[in-house]
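J.: Each residue of the sequence shown is one higher than the one before, starting from 112 at the first, in the numbering used here.
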Amino acid sequence: MANSIPAFSQISTNELDGRINTINTSVPFLRIDPDARSGAMGDVGIAISGDANSIYWNTAKIPFTEKNTALSVTYTPWLKELVSDIFLADISAYKKLDENQGITASLRYFSLGSITFTNIQGQVIGNFNPREFTFSGGYARKIAENFSTGVNLSYIYSNLAAGQSVSGVPIKAGTAAAADISFFYHKDAKFGKTKGNYNIGLTISNIGNKITYTQSAENKDFIPTNMGLGAGINFKFDDYNSLLFAGEVNKLLVPTPDSAGLFRTKSVPSGLLGSFSDAPGGGKEEFHELMFSVGSEYWYKNQFAVRAGYFNEHSTKGNRKYLTAGVGIKYNVFGLNFSYLIPTSSQKNPLDNTLRFSLMFEFDKTKASKTAPTTTE
């Protein structure tokens with residue numbers, strides 16, 4: 112590699128029938144679920160009730176939250192079965208300005224442990240701690256009684272091997288700026304004699320410039336721009352019991368690899384707009400690029416929660432398939448969520464059999480108008 116740290120794989124001509132053509136991007140940590148609540152529900156989050164982690168899923172949910180202020184801290188071990196020094200940590204919070212608008216912010220940090228570099232003779236030439244982080248800020252506002260929109264801006268920093276060189280080309284840290292736009296619809300409803308509500312959400316995330324790790328890179332790498340559509344329905348059986356079902360579908364809005372590697376030369380707008388029709392395998396392969404997830408959440412007295420879910424990615428597009436489960440407890444302003452991932456395919460997942468947790472604090476219930484019930488948190 113002379114010009115860049117490769118983030119995309121290429122495919123050979125005999126693979127253009129859709130048998131195997133995984134889409135890879137730079138800074139993939141942006142697509143890691145940092146929230147133990149959603150992590151226990153098959154990685155659904157776009158259309159469930161809002162909490163301090165809404166900035167990662169759908170910032171537009173914030174005006175419909177019950178609490179005025181919330182804070183979350185999450186720790187996720189990574190490749191736990193192999194190493195102990197790789198982890199993802201994040202802190203996020205929101206503040207409602209009034210009943211119609213709110214602001215939010217987050218800091219996500221990904222440590223990739225320690226790497227020892229050697230020369231061609233095998234002699235140690237140095238040690239390095241690769242790391243990545245992103246800082247985000249967002250704003251959300253109701254634009255109708257049951258409908259809201261939100262926007263985030265993010266700064267992304269990726270330092271994988273700065274100070275080293277490949278084929279005489281110095282490696283530097285990569286940076287990018289990105290934006291998210293999101294929409295949320297919430298409506299109270301009755302299902303027979305049972306009260307409840309339903310939500311619909313849409314998010315387009317990580318719309319930003321491509322990243323390069325060298326000064327001379329001609330073909331920069333796309334960041335994981337993604338579109339997600341979700342729906343959720345919540346049944347409130349009585350004052351003690353509620354049950355949520357949610358599902359969503361996601362698609363990366365980046366070019367599908369082609370045999371010549373020309374996909375890397377596309378601009379961000381061209382890659383985004385063309386991502387719906389550029390798969391070498393045609394419409395069938397485009398459909399295979401969709402990722403599906405479903406989840407459920409049961410609350411007792413809004414103090415104890417049990418969660419479960421399932422995530423599915425096509426075998427030619429990464430083959431991630433796993434069950435998830437978890438619990439949550441809430442007492443006064445304090446909450447704690449746990450999640451556990453159980454793989455159901457031969458594809459290894461960095462979170463296989465890993466327990467992760469989120470610590471949450473919520474303050475100042477607002478005087479409220481129409482708000483989505485807080486079932487997290």
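All C-beta atoms, glycine included, are put in the ideal place defined by N, C-alpha and C.
1. Leaving out the 5 sequence neighbours to the left and right, which residues in its chain are closer than 6 Å to Lys-191 when beta-carbon positions are compared?
2. Run through DSSP, which three-state label would Tyr-167 get?
3. For Val-360 and Gly-150, what's the separation of their Cα atoms in angstroms?
4. In terms of residues, what are the limits of the alpha helix (DSSP H) holding Arg-148?
5. Would DSSP call Arg-219 helix, strand or coil?
6. Count the CB pairs spanning the segment 187–205 and the segment 228–238 that are closer than 8 Å, and state whether there are at least three.
7. Which one or two residues does DSSP pair with Ser-404 in a beta bridge?
8. Write down every uninterrupted run of the beta strand (DSSP E) in the segment 232–320 whose length is 3 residues or greater and which is fully enclosed by it, in chain order.
9. My parser needs the beta strand (DSSP E) runs of 3 or more residues fully inside the segment 415–466; what are they?
10. Give me, in chain order, the residues of the same chain whose beta-carbon lies closer than 6 Å to that of Leu-218; leave out the 5 immediate sequence neighbours on both sides.
11. Spatial neighbours of Ser-456 within its chain, please: C-beta separation below 8 Å, excluding the five flanking residues on both sides.
12. Quick one: give me the first and last residue of the alpha helix (DSSP H) that Ser-381 is part of.
13. Kindly confirm or deny that the segment 141–160 and the segment 347–364 touch, where touching means at least three C-beta pairs closer than 8 Å.
14. Using DSSP bridges, identify the partner residues of Trp-410.
15. Does the distance from the CB of Pro-335 to the CB of Thr-136 come in under 8 Å?
16. Decide yes or no for the touch test of the segment 362–382 against the segment 161–176: beta carbon pairs closer than 8 Å, at least 3 of them.
17. So for Ala-174, helix, strand or coil by DSSP?
18. Measuring straight from C-alpha to C-alpha, what distance separates Gly-420 and Ser-407?
19. Could you pull out every residue in the same chain whose Cβ sits closer than 8 Å to the Cβ of Thr-260, ignoring the five residues on either side in sequence?
20. Got a sec? Which residues, its chain only, sit under 6 Å from Tyr-409 by beta carbon, not counting five neighbours each side?
T.: With the given structure in hand:
1. Position 80 of the sequence shown holds residue 191. For Lys-191, where only same-chain residues beyond five positions count, the Cβ hits under 6 Å are Thr-465.
2. Here residue 167 corresponds to residue number 56 of the sequence shown, with the count starting at 1. If DSSP states are grouped into helix, strand and coil, Tyr-167 belongs with the helices.
3. Counting from one through the sequence shown, the residue named residue 360 turns up at place 249. Counting from one through the sequence shown, the residue named residue 150 turns up at place 39. Approximately 15 Å, taken between the alpha carbons.
4. Within the sequence shown, the letter at position 37 stands for residue 148. 147–150 is the span of the alpha helix (DSSP H), which, as asked, contains Arg-148.
5. On the sequence shown, residue 219 is found 108 positions in, with the first residue counted as 1. The answer is strand: DSSP assigns Arg-219 an E or B state.
6. no
7. Within the sequence shown, numbered from 1, the residue matching residue 404 stands at position 293. Answer is Glu-359, Phe-422.
8. 235–239, 242–255, 258–270, 285–302, 305–319
9. 415–424, 432–442, 445–454
10. Here residue 218 is taken as the residue at index 107 of the sequence shown, counted from 1. These residues qualify, in order along the chain: Ile-202, Phe-246.
11. Translated into the one-based positions of the sequence shown, residue 456 becomes position 345. Same-chain partners within the cutoff: Ser-426, Asn-430, Arg-431, Lys-432, Tyr-433.
12. By 1-based counting over the sequence shown, the position of residue 381 is 270. Start and end: 379–385.
13. yes
14. Within the sequence shown, the letter at position 299 stands for residue 410. Beta-bridge pairing links Trp-410 to Ser-353, Ala-416.
15. For the purposes of this step, residue 335 is taken as the residue at position 224 of the sequence shown. For the purposes of this step, residue 136 is taken as the residue at position 25 of the sequence shown. Cβ atoms of Pro-335 and Thr-136: closer than 8 Å.
16. no
17. Along the sequence shown, read from residue 1 onward, the residue named residue 174 stands at position 63. It is worth fixing the name first, because residue 174 is Pro in this sequence and not Ala. Helix.
18. As a first step, residue 420 must be located in the sequence shown, where it is residue number 309. As a first step, residue 407 must be located in the sequence shown, where it is residue number 296. Whole-angstrom Cα-Cα distance: 6 Å.
19. Position 149 of the sequence shown, counted from the start, is the residue given in the question as residue 260. For Thr-260, where only same-chain residues beyond five positions count, the Cβ hits under 8 Å are Ala-171, Ala-251, Arg-252, Ile-254, Ile-292, Ser-293, Phe-294, Phe-295.
20. Your numbering for residue 409 matches position 298 in the sequence shown. Result list for Tyr-409: Leu-354, Val-417, in chain order.
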